[in-house]
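Step one of this worksheet: look at the structure below.
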């Protein structure tokens with residue numbers, strides 16, 4: 006038997022940490038990390054390209070009811086001198102290119118880059134908060150599977166006990182020291198236990214199916230490893246929700262820099278070139294209607310003083326937004342502390358209860374064994390024995406439940422603190 010046991014195939018086990026990792030990799034929301042990153046890269050690229058020369062190509066044709074012309078007196082003098090000056094033609098046209106190049110934007114592009122990076126951190130932190138919730142769902146399914154598995158094992162042990170005692174009663178019935186009703190009573194109880202076993206196996210299978218959907222992998226014959234857990238010593242909370250709140254506050258600080266940059270003057274070069282009529286030389290254009298090539302360039306300084314009107318309100322809005330984020334932090338920490346204290350109290354309660362679990366199971370087993378001996382001697386009937394078997398089974402199941410529940414509460418505490 007030892008040799009057969011040594012060479013028997015070992016049943017593979019899957020751990021809780023592995024399930025959480027697979028669930029995070031399998032959950033569709035994980036793809037949004039890449040989308041958010043690419044969106045941030047595109048926004049930064051657009052901001053960097055704002056420093057490239059801005060080119061505007063255009064074509065224009067107009068007809069006017071009034072155009073610049075010489076006074077009649079001057080026109081008469083020019084006619085006497087043999088010079089024809091008809092003035093500008095009412096039909097005008099040109100094809101040109103405008104070019105602008107920013108030299109200094111007052112820090113606007115730098116502030117915009119910081120805003121984009123801050124928004125990326127906010128989106129990533131909020132995604133982290135949503136992904137973190139998956140851990141809780143996986144842990145609930147995992148421990149539910151462990152609890153139903155423990156229930157199945159205890160029901161199987163109860164069924165084995167009932168079957169053994171039924172066989173014993175059947176032998177006693179043949180020898181005329183037991184009644185058929187006693188055998189029927191144990192047989193009926195055995196059938197009920199087997200029904201409970203079917204329900205427990207069905208529930209266990211459903212939990213495993215849901216867990217398989219989460220992790221994107223069939224668990225199949227793999228068993229779930231009962232995790233060993235130590236109570237976290239540190240009370241520091243490192244939840245991703247707090248990181249999201251911090252990111253929101255940093256984003257407000259970046260927006261504040263943008264407000265300051267908006268009131269700064271902007272400096273840039275500009276150039277304009279066009280071919281058409283009239284040209285920059287109006288006197289020549291008044292004497293003939295021939296198109297010409299014209300170029301102008303220079304330095305431009307602009308200052309939008311309108312940004313000063315709303316500067317104070319915009320700063321107040323950011324300040325209120327940061328205060329709102331701080332309030333969200335206070336609310337979260339308050340609720341987190343309640344959850345932490347609840348988990349700690351449940352762990353403490355189970356520690357005290359579990360101290361006597363083993364002793365209770367031992368005593369119930371001794372009572373059941375004594376009842377089996379009393380039944381063979383005709384001291385008690387099958388009903389009394391059945392009560393002892395049920396009590397032992399319930400004690401064993403309760404002990405298994407307490408052990409798994411304690412580990413589950415510890416993991417709930419770890420989830421509350423993200424440790």
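Residue numbers (the numbering used here): 6 to 424. Quick reminder that beta carbons are idealized off the backbone N, C-alpha and C, glycines included. Since the model is a prediction, treat every value here as computed from it, not as a measurement.
Rounding to the nearest angstrom, what Cα-Cα distance links residue i and residue j in this structure?
| i | j | result |
| --- | --- | --- |
| residue 181 | residue 190 | 17 Å |
| residue 226 | residue 132 | 34 Å |
| residue 413 | residue 148 | 7 Å |
| residue 62 | residue 104 | 9 Å |
| residue 93 | residue 66 | 14 Å |
| residue 186 | residue 401 | 28 Å |
| residue 381 | residue 177 | 8 Å |
| residue 59 | residue 423 | 50 Å |
| residue 408 | residue 337 | 30 Å |
| residue 351 | residue 364 | 21 Å |
| residue 19 | residue 111 | 58 Å |
| residue 284 | residue 309 | 31 Å |
| residue 207 | residue 327 | 51 Å |
| residue 12 | residue 130 | Residue confidence is low: residue 12 scores 38 on pLDDT, short of 50, so the model does not pin down where it sits. No coordinate-derived value is stated. |
| residue 203 | residue 146 | 19 Å |
| residue 349 | residue 231 | 20 Å |
| residue 64 | residue 279 | 9 Å |
| residue 126 | residue 255 | 9 Å |
| residue 22 | residue 150 | 15 Å |
| residue 134 | residue 57 | 38 Å |
| residue 97 | residue 106 | 28 Å |
| residue 173 | residue 166 | 11 Å |
| residue 345 | residue 209 | 29 Å |
| residue 372 | residue 387 | 14 Å |
| residue 250 | residue 45 | 19 Å |
| residue 162 | residue 397 | 10 Å |
| residue 15 | residue 154 | Bear in mind that the predicted position of residue 15 carries a pLDDT of just 47, short of 50, making it unreliable; the figure below should be weighed with that in mind. Roughly 18 Å between the two C-alpha positions. |
| residue 313 | residue 300 | 36 Å |
| residue 277 | residue 100 | 11 Å |
| residue 119 | residue 26 | 32 Å |
The beta strand (DSSP E) with residue i in it runs from where to where?
| i | result |
| --- | --- |
| residue 271 | 271-282 |
| residue 61 | 59-68 |
How far does the alpha helix (DSSP H) with residue i in it extend, from its first residue to its last?
| i | result |
| --- | --- |
| residue 336 | 312-359 |
| residue 203 | 185-220 |
| residue 34 | From DSSP, residue 34 is part of no alpha helix (DSSP H); its letter is neither H nor E. |
| residue 234 | Here residue 234 belongs to no alpha helix (DSSP H), and DSSP marks it neither H nor E. |
| residue 92 | Run containing residue 92: none; DSSP gives neither H nor E here. |
| residue 158 | 113-179 |
| residue 291 | 287-292 |
| residue 372 | 362-381 |
| residue 259 | 245-267 |
| residue 391 | 387-422 |
Bridge partners for residue i per DSSP, in chain order?
| i | result |
| --- | --- |
| residue 228 | 18 |
| residue 306 | 272 |
| residue 103 | 61 and 277 |
| residue 98 | 66 and 282 |
| residue 298 | 280 |
| residue 56 | According to DSSP, residue 56 bridges with nothing at all. |
CB residue i to CB residue j, shorter than 8 Å?
| i | j | result |
| --- | --- | --- |
| residue 152 | residue 406 | yes |
| residue 259 | residue 123 | yes |
| residue 121 | residue 49 | yes |
| residue 245 | residue 418 | no |
| residue 108 | residue 274 | yes |
| residue 399 | residue 362 | no |
| residue 253 | residue 330 | yes |
| residue 171 | residue 188 | yes |
| residue 139 | residue 29 | yes |
| residue 194 | residue 34 | no |
| residue 224 | residue 216 | yes |
| residue 68 | residue 95 | yes |
| residue 272 | residue 316 | no |
| residue 341 | residue 421 | yes |
Confirm the yes/no value for this check: CB of residue i, any heavy atom of the ligand MN, distance under 7 Å.
| i | result |
| --- | --- |
| residue 406 | Inclusion of the ligand MN in the displayed structure is not the case, the ligand content being empty and no account of it being possible. |
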